[in-house]
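If you count the sequence shown from 1, position 79 lands on 79 in full-length UniProt numbering, and the numbers rise without skipping.
Everything below concerns the one structure shown next.
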Amino acid sequence: MERNSVQTVTLTNSIIGVGILSMPFCFQRCGVILSLVLLLLSSYITKLICSYMIKSAIISRRKNFEQIAFYSFGFFGKLLVELCVVGYLLGTCVAYYVVVGDLGPQIMAKILSTNETSTLRTWTMIVVTLVCIVPLGLLRNVDSLASVCTASLGFYLCLVLKVMAESSERISQDQWFEKLDLWKPDGILRCLPIFSMALSCQMQLFEVYATMPTTSLDKMSRVIQQSTNICAVIYSLIGFFGYVAFNGHQFSGNILVDFTPSFVSDIIKIGFVLSVAFSFPLAIFPCRASLYSLLYKRSYSDSHYYIPEAKFRPLTLTIVFMALLLGLVVPSIDFVLGLVGSTIGVAVCI
Numbered sequence: 001m002e003r004n005s006v007q008t009v010t011l012t013n014s015i016i017g018v019g020i021l022s023m024p025f026c027f028q029r030c031g032v033i034l035s036l037v038l039l040l041l042s043s044y045i046t047k048l049i050c051s052y053m054i055k056s057a058i059i060s061r062r063k064n065f066e067q068i069a070f071y072s073f074g075f076f077g078k079l080l081v082e083l084c085v086v087g088y089l090l091g092t093c094v095a096y097y098v099v100v101g102d103l104g105p106q107i108m109a110k111i112l113s114t115n116e117t118s119t120l121r122t123w124t125m126i127v128v129t130l131v132c133i134v135p136l137g138l139l140r141n142v143d144s145l146a147s148v149c150t151a152s153l154g155f156y157l158c159l160v161l162k163v164m165a166e167s168s169e170r171i172s173q174d175q176w177f178e179k180l181d182l183w184k185p186d187g188i189l190r191c192l193p194i195f196s197m198a199l200s201c202q203m204q205l206f207e208v209y210a211t212m213p214t215t216s217l218d219k220m221s222r223v224i225q226q227s228t229n230i231c232a233v234i235y236s237l238i239g240f241f242g243y244v245a246f247n248g249h250q251f252s253g254n255i256l257v258d259f260t261p262s263f264v265s266d267i268i269k270i271g272f273v274l275s276v277a278f279s280f281p282l283a284i285f286p287c288r289a290s291l292y293s294l295l296y297k298r299s300y301s302d303s304h305y306y307i308p309e310a311k312f313r314p315l316t317l318t319i320v321f322m323a324l325l326l327g328l329v330v331p332s333i334d335f336v337l338g339l340v341g342s343t344i345g346v347a348v349c350i
């Protein structure tokens, strides 16, 4: 795989996340055309902001969000950015855990031939944390996740095919398109934060940029362009065909919960749980860096931005288990995405 392709795949995987599950919900609330307009608008804003961020990093010769904030706004600007970044990424991790909590117990209940209970949900989330999330979260280099990110992206494409298959029966019916809502402005306030958060990659941008062999604005801009375009296309397909498949039903913010029970559906759920677990480090890496900067680096230093081992592990475990505790009590994925996207997400991503 070419060097820039590695960055494109990694950044795409960091964007696509759990927001993909809420796309049919948003298409139902806003209508097809309005949803596509909001997706394109969010994609354009993300590209513009990311380009400005990379340009700022090159001009100021700073390596991350916190250093640019200190360079531009001083200590209090750095403090505000750190608090927002930590809050935003912690919310992202909570959203990941909610998905694991939604899908994991369904899978485990079938394997163990038992009923879904809150206890099973808790233990499933704990086991996934200890077996998968903690070991991956303790990695130091985001470049080491390239193969995992490629596999996750391949799975998302399989998810698109599954959703299209779910909608095939509806499409075969007469006048199926006339039954769809095209423009519902009353859903904007509920769904715009979800769209904007689903396409955001500002937090992971510098982690990916640091792995590039040369600090070229043009090359990184192409990576951003390709990644956001891929995600926008996947979101559009999932949103449209998911809406078609379940139109007329009140479905949740997690489309996988509404799939027709089958062996393929179970495989898709297992794949998504693993994909989400493998995506955790992409949120943990920048969150850990911001938390370290917040607690231990009061000013900018030209020295290499390295987190000592004595602080690296405790910070990682703090982030993981705090997100786990919050994920155990949060009700739904669309609630998390809407709340974070409409509060901290606005401050960070715009």
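Even for Gly, the Cβ is constructed at its ideal location relative to N, Cα and C.
These numbers come from a predicted model, not from an experiment.
Taking the CB atoms as reference points, tell me whether residue i and residue j lie closer together than 7 Å.
i    : j    : result
C231 : C30  : no
I270 : K162 : no
S227 : T12  : yes
G264 : T150 : Going by the sequence as given, residue 264 is Val instead of Gly. No, the Cβ-Cβ distance between V264 and T150 is not below 7 Å.
Y96  : V276 : yes
V128 : A323 : no
K179 : N229 : no
L103 : V336 : no
R62  : Y52  : no
Q175 : L282 : no
T122 : P105 : no
M108 : L120 : yes
Quick check on DSSP: helix, strand or coil for residue i?
i    : result
F65  : helix
T307 : The sequence shown places Ile at residue 307, rather than the Thr named in the question. Coil at I307, not helix or strand.
W176 : coil
D218 : helix
C191 : helix
C201 : coil
D302 : For D302, the predicted structure reports a pLDDT of 46, less than 50, and the residue's modelled location is therefore unreliable. A value from the coordinates is still provided. Here D302 sits in coil by DSSP.
G31  : coil
P261 : coil
T124 : helix
Q250 : coil
E116 : coil
M108 : helix
K184 : coil
A210 : coil
L83  : helix
With distances taken from CA atoms, which of the options is nearest residue i?
i           : options                   : result
Q225        : F246, S200 and G239       : S200
L256        : C287, L282 and V98        : V98
S147        : Q7, L315 and M322         : Q7
P314        : L326, V330, S332 and Y292 : Y292
T46         : L326, E66, A198 and S332  : A198
F65         : L34, S262 and Q202        : Q202
L295        : R121, K78 and H249        : K78
T318        : A57, G248 and L138        : L138
residue 395 : V32, F76 and L159         : Residue 395 falls outside the range modelled here, since the chain spans only 1 to 350, and no answer is possible.
What's the gap between the Cα of residue i and the Cα of residue j?
i           : j    : result
residue 390 : Y306 : The structure shown does not extend to residue 390, since the chain is modelled only from 1 to 350, so the question has no answer here.
S60         : S216 : 14 Å
I238        : M212 : 31 Å
G74         : I16  : 33 Å
F278        : S14  : 10 Å
N115        : L40  : 42 Å
W183        : S236 : 15 Å
S172        : F195 : 29 Å
C50         : L136 : 26 Å
F312        : I133 : 15 Å
G187        : N254 : 17 Å
G154        : E309 : 34 Å
L157        : V18  : 14 Å
S5          : K219 : 11 Å
H304        : F280 : Only weak support exists for where H304 lies, its pLDDT of 46 falling under 50; the coordinates are left without a value.
D258        : V100 : 15 Å
L80         : P261 : 46 Å
At least one CB of chain D closer than 7 Å to the CB of residue i: is that the case?
i   : result
L34 : Considering every chain present, this structure includes no chain D. It has just one protein chain.
Any chance the region 281–288 sits against the region 74–89, with 3 or more Cβ pairs inside 8 Å? The answer is yes - the region 74–89 touches the region 281–288, with three or more Cβ pairs under 8 Å.
At least 3 beta-carbon pairs within less than 8 Å: the region 240–250 vs the region 150–169: Touching, yes, given that three or more Cβ pairs across the two stretches are closer than 8 Å.
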